[in-house]
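Reading through the structure tokens given below for one structure.
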Amino acid sequence: MTVKRLDNIGIVVEDLPAAIAFFTELGLELEGEMPVAGDWVDRCVGLENVQVDIAMMRTPNGPTRLELTKFHHPAATHGEPKDAPANIMGLRRIMFAVDDIHDVVTRLRKHGAELIGEVARYQDLYLLCYLRGPSGIIVALAEELR
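In this note's numbering, the protein residues as written are 1202 to 1347.
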């Protein structure tokens, strides 16, 4: 048996409403919010007395979701520098295809996003950039050039 689909990507955030606003501005849809706690969560994630709030954000064109998680207990910790660069081992970024990269960058800046480098052209194929969003999340954007 192979993987059926990529169901979701989990991101731990400091400010859940800010992260929801950021990803809503990007074009994801809030599917729902809920508190999560209980013995099953503790056993699943290997922590004790877990109490979190989650928000499920859905991409507009398919079943893939982002699960944004705010830990109340145990408190979230930073496993690396908060503003870690793109070459640190592990999950570094999430990339989204967009129609107008400059418009998206402008709109996301209103939600605290900062360009890490600059919008760059890859041949005559793409405009690309990396932004740092809420809780230090790196979001990459790609605009296909036609």
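Yeah, the Cβ is synthetic: ideal placement off N, Cα and C, and Gly gets one too. Bear in mind the structure is a predicted one, so any value in this text is a computation, not a measurement.
Sheet register partners of residue i (DSSP bridge)
| i | result |
| --- | --- |
| residue 1236 | 1254 |
| residue 1259 | 1230 and 1266 |
| residue 1343 | 1298 and 1329 |
| residue 1316 | 1332 |
| residue 1321 | 1329 |
| residue 1210 | 1267 |
Closest by C-alpha distance to residue i, when choosing among the options
| i | options | result |
| --- | --- | --- |
| residue 1266 | 1334, 1242 and 1232 | 1232 |
| residue 1214 | 1301, 1277, 1284 and 1302 | 1277 |
| residue 1280 | 1273, 1333, 1293 and 1269 | 1293 |
| residue 1326 | 1251, 1344 and 1242 | 1344 |
| residue 1301 | 1328, 1230 and 1312 | 1328 |
| residue 1297 | 1263, 1291 and 1313 | 1263 |
Status (buried if at least 16 other CB within 10 Å, exposed otherwise) for residue i
| i | result |
| --- | --- |
| residue 1339 | buried |
| residue 1245 | exposed |
| residue 1307 | exposed |
| residue 1321 | exposed |
| residue 1315 | exposed |
| residue 1346 | exposed |
| residue 1331 | buried |
| residue 1210 | exposed |
| residue 1248 | exposed |
Cβ distance (whole Å) where residue i is taken to contact residue j below 8 Å
| i | j | result |
| --- | --- | --- |
| residue 1284 | residue 1337 | 5 Å |
Touching or not, the region 1216-1235 and the region 1257-1267, by the rule of three or more beta carbon pairs under 8 Å?
-> yes
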